[in-house]
Amino acid sequence: MGGLVGFLEKHVMPVAGRIAEQRHLQAIRDGLILAMPLLIIGSIFLVVAALPIPGFPEFMANLFGEQWQDKLLYPVNATFDIMALIVSFGVAYRLAEKYNVDPVSAGAISVSAFLLATPFTFSFTPEGAKDAVDVAGVIPAQFMGSQGLFVAMLLGLVATEIYRYIIQRNIIIQLPEGVPPAVSRSFVALIPGLVVILVVWVVRLLIELTPFESIHNVVSTLLSKPLGLLGGSLFGALIAVLLVHLLWSAGLHGAAIVGGVMGPIWLSLMDENRKVFQADPSAELPNVITQQFFDLWVYIGGSGATLALVVAMILSAKSAQMKSLGRLAIGPGIFNINEPITFGMPIVLNPLLIIPFVLTPLVLTVTTYVAMSTGLVAKPNGVAVPWTTPPLISGYLATGGKISSVIMQGINFVIAIAIYYPFLRIWDKQKLKEEQGMEQPSNQAAV
Amino acid sequence: MNILLCCASGMSTSLLVSRMEQAAQEKGVKAKIWAVSADEVNNHLKDADVLLVGPQIRYKLPQLKKAADQQGIPVDVINPADYGRVDGKKVLEFALNLI
Numbered sequence: 001m002g003g004l005v006g007f008l009e010k011h012v013m014p015v016a017g018r019i020a021e022q023r024h025l026q027a028i029r030d031g032l033i034l035a036m037p038l039l040i041i042g043s044i045f046l047v048v049a050a051l052p053i054p055g056f057p058e059f060m061a062n063l064f065g066e067q068w069q070d071k072l073l074y075p076v077n078a079t080f081d082i083m084a085l086i087v088s089f090g091v092a093y094r095l096a097e098k099y100n101v102d103p104v105s106a107g108a109i110s111v112s113a114f115l116l117a118t119p120f121t122f123s124f125t126p127e128g129a130k131d132a133v134d135v136a137g138v139i140p141a142q143f144m145g146s147q148g149l150f151v152a153m154l155l156g157l158v159a160t161e162i163y164r165y166i167i168q169r170n171i172i173i174q175l176p177e178g179v180p181p182a183v184s185r186s187f188v189a190l191i192p193g194l195v196v197i198l199v200v201w202v203v204r205l206l207i208e209l210t211p212f213e214s215i216h217n218v219v220s221t222l223l224s225k226p227l228g229l230l231g232g233s234l235f236g237a238l239i240a241v242l243l244v245h246l247l248w249s250a251g252l253h254g255a256a257i258v259g260g261v262m263g264p265i266w267l268s269l270m271d272e273n274r275k276v277f278q279a280d281p282s283a284e285l286p287n288v289i290t291q292q293f294f295d296l297w298v299y300i301g302g303s304g305a306t307l308a309l310v311v312a313m314i315l316s317a318k319s320a321q322m323k324s325l326g327r328l329a330i331g332p333g334i335f336n337i338n339e340p341i342t343f344g345m346p347i348v349l350n351p352l353l354i355i356p357f358v359l360t361p362l363v364l365t366v367t368t369y370v371a372m373s374t375g376l377v378a379k380p381n382g383v384a385v386p387w388t389t390p391p392l393i394s395g396y397l398a399t400g401g402k403i404s405s406v407i408m409q410g411i412n413f414v415i416a417i418a419i420y421y422p423f424l425r426i427w428d429k430q431k432l433k434e435e436q437g438m439e440q441p442s443n444q445a446a447v
Numbered sequence: 001m002n003i004l005l006c007c008a009s010g011m012s013t014s015l016l017v018s019r020m021e022q023a024a025q026e027k028g029v030k031a032k033i034w035a036v037s038a039d040e041v042n043n044h045l046k047d048a049d050v051l052l053v054g055p056q057i058r059y060k061l062p063q064l065k066k067a068a069d070q071q072g073i074p075v076d077v078i079n080p081a082d083y084g085r086v087d088g089k090k091v092l093e094f095a096l097n098l099i
């Protein structure tokens, strides 16, 4: 195990650092963060629209009329369903910031480039008609949401790269003498945006010559669908969980680093569920693995599912250190914050405690995945519950009030206690010995 | 004295902030202490005299150091053990020594 700690410090940490610091990945992560508050706000309306309380729908219908549900979902359409638009601006803004070029302009150009990649038509089949007709003059809402997320992110990066490249090259237009310098500057200011628009326009024209027909189809076939399959599988989830906890074992914020890469994938999987749920709350949801799968069922009490460890500590620890740590860690732990445990116990670089810290979440990933994919437990329905929501409440909110999912959180919690307990006992005994040794200096054991 | 703390989302450092404020009061040091997430740091640096970084995002130190150097303020990673114990007193002293 000492070898593992050495390996983490020497090989995992520098690589993780480089990935986490990579400016395009950072821009994507920070750009997505811009959309998150909106998704949580939209979720509040979604939760109310589907409250599983008997008599509630009838009550609302009496109060606000039959259309109450549709009206309640207006804010959902303006939050969830435009996330790509927000991300398009956010990614470009954050990347431009890193290059020290005007972020607002870069964001605006990126939104324009994103819309340029999107055909302004909508395929519509009128009632009674056999063939669909293309309705012109609409911005198709389907691409403004999670379905357009990858195009928005990619074009945000490409547009901003072109933008800053041209600005940094400092292109100058020579106008005849006598023309005020401000006039020539105003033309120069247009060049970066113009080049971005030209590039995206030409790409769109070229793709329209192929069977793909649109940039959205290319990205979906080559990128988002394969990534979704990989990220949405049990195998993909286990790899991600393993990486998160190996990074944490080295004292690095694994969830932030891995989430920076996987975030867009888990977010689109989450939104696929949300769309199905919104259309019909009783329908079978397509995905088990979403952002909430990890936040709410695996990382109970924070990465490593350490709330179980904290409770076991409070109930059974004999050493003064572990007792006081338990009291310190329980408050934040309920809200899934566990730095007092990871750094205070510590788990970080601790060969003994790294074992259950990595093992527990892997086991919980399997139990939850099996329970949800076999239909025993309700899947997360796409409501974006903040990761700081206490367990049990979070499971209830994230599945539209399905008790099975709350019970699953409880079962996972018990499994986590069972895995952590033997290791806690060894560690607690060691600490107790140290403490007794300190009281009687003559007995002090060699460290 | 303005002490800025940062971690991935500004959550666990905010835990430390309240402990450091207590410690500052006991010591009679007048200090403004606050925590932000790593992506917000740049907007807060100009109000800070020192920047402390949570150990879990120490991979960000090179980047944060660059930003802090531009403002001419010191920056360092908080000792992991003090961070875990939420030891406000020690971290406050650490901050004071950096300035």
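Protein chains in written order, with the UniProt record's numbering: chain S, 1 to 447; chain B, 1 to 99. Each residue gets a CB set at the ideal place from its N, CA and C atoms; glycine is no exception. This structure is a prediction, so every number in the text was calculated from the model and none was measured.
For residue i, which of helix, strand or coil comes out of DSSP?
i                      : result
S/Ser146               : helix
S/Thr121               : strand
S/Val135               : strand
B/Lys32                : strand
S/Leu51                : coil
S/Asp81                : helix
S/Leu73                : coil
S/Ser220               : helix
S/Pro386               : coil
S/Pro351               : helix
S/Gln436               : helix
S/Lys130               : coil
S/Val101               : coil
S/Val288               : coil
S/Ala446               : In this prediction, S/Ala446 has a pLDDT of 45, which is less than 50 and means its spatial position is unreliable; nothing more can be read from the coordinates.
residue 483 of chain S : The requested residue 483 of chain S does not occur in the structure, where chain S is confined to residues 1 to 447.
S/Ile28                : helix
B/Leu61                : helix
Go to residue i, then tell me how far its alpha helix (DSSP H) extends in each direction, as first and last residue.
i        : result
S/Trp201 : 191 to 208
S/Ile257 : 254 to 279
B/Glu93  : 88 to 98
S/Phe212 : No alpha helix (DSSP H) contains S/Phe212, which DSSP labels as neither H nor E.
B/Thr13  : 12 to 27
S/Arg185 : 181 to 188
B/Asp47  : Where B/Asp47 is concerned, there is no enclosing alpha helix (DSSP H), given that its DSSP letter is neither H nor E.
S/Asn170 : Careful: S/Asn170 lies outside any alpha helix (DSSP H) and carries neither H nor E.
S/Pro57  : 56 to 64
S/Lys225 : 225 to 231
S/His293 : Reading the sequence as shown, one finds Phe at residue 293 of chain S and not His. It is not in any alpha helix (DSSP H) - S/Phe293 carries neither H nor E in the DSSP assignment.
S/Ile330 : 320 to 334
Since residue i sits in a beta bridge, which residues does DSSP pair it with?
i        : result
S/Val377 : Paired residues: none, contrary to the question.
S/Ile314 : Partner(s): none; S/Ile314 has no beta bridge.
B/Asp76  : B/Leu52
B/Leu5   : B/Ala35, B/Leu52
Give the range of the beta strand (DSSP E) segment to which residue i is assigned.
i        : result
B/Leu51  : 50 to 53
S/Asn338 : Run containing S/Asn338: none; DSSP gives neither H nor E here.
Would you mind sorting residue i into buried or exposed? The rule is 16 or more other CB atoms within 10 Å of its CB.
i        : result
S/Met153 : buried
S/Val370 : exposed
S/Asp70  : exposed
S/Leu222 : exposed
S/Val183 : exposed
S/Phe56  : exposed
S/Ser186 : exposed
B/Asp47  : exposed
S/Leu73  : buried
B/Gly28  : exposed
B/Thr13  : buried
S/Asn62  : exposed
S/His216 : buried
S/Asn381 : buried
S/Tyr165 : exposed
S/Ala84  : buried
So which of the options has the shortest CA-CA distance to residue i?
i        : options                                : result
B/Asp87  : B/Met11, B/Gln22, B/Met1, B/Leu4       : B/Gln22
B/Leu52  : B/Trp34, B/Ala24, B/Asn43              : B/Trp34
S/Ile239 : S/Gly3, S/Thr374, S/Leu362, S/Phe59    : S/Leu362
S/Arg169 : S/Ala84, S/Val244, S/Ile44, S/Ile191   : S/Ile191
S/Leu325 : B/Asn97, B/Leu61, B/Ala81              : B/Ala81
S/Ala20  : S/Ala256, S/Gly302, S/Gly137, S/Met438 : S/Ala256
S/Ile53  : S/Leu432, S/Gly401, S/Gln436, S/Glu434 : S/Gly401
S/Val135 : S/Pro119, S/Thr306, S/Val111           : S/Pro119
S/Asp30  : S/Ala117, S/Ala317, S/Arg94            : S/Arg94
S/Ile86  : S/Leu116, S/Phe64, S/Ala106, S/Leu34   : S/Leu34
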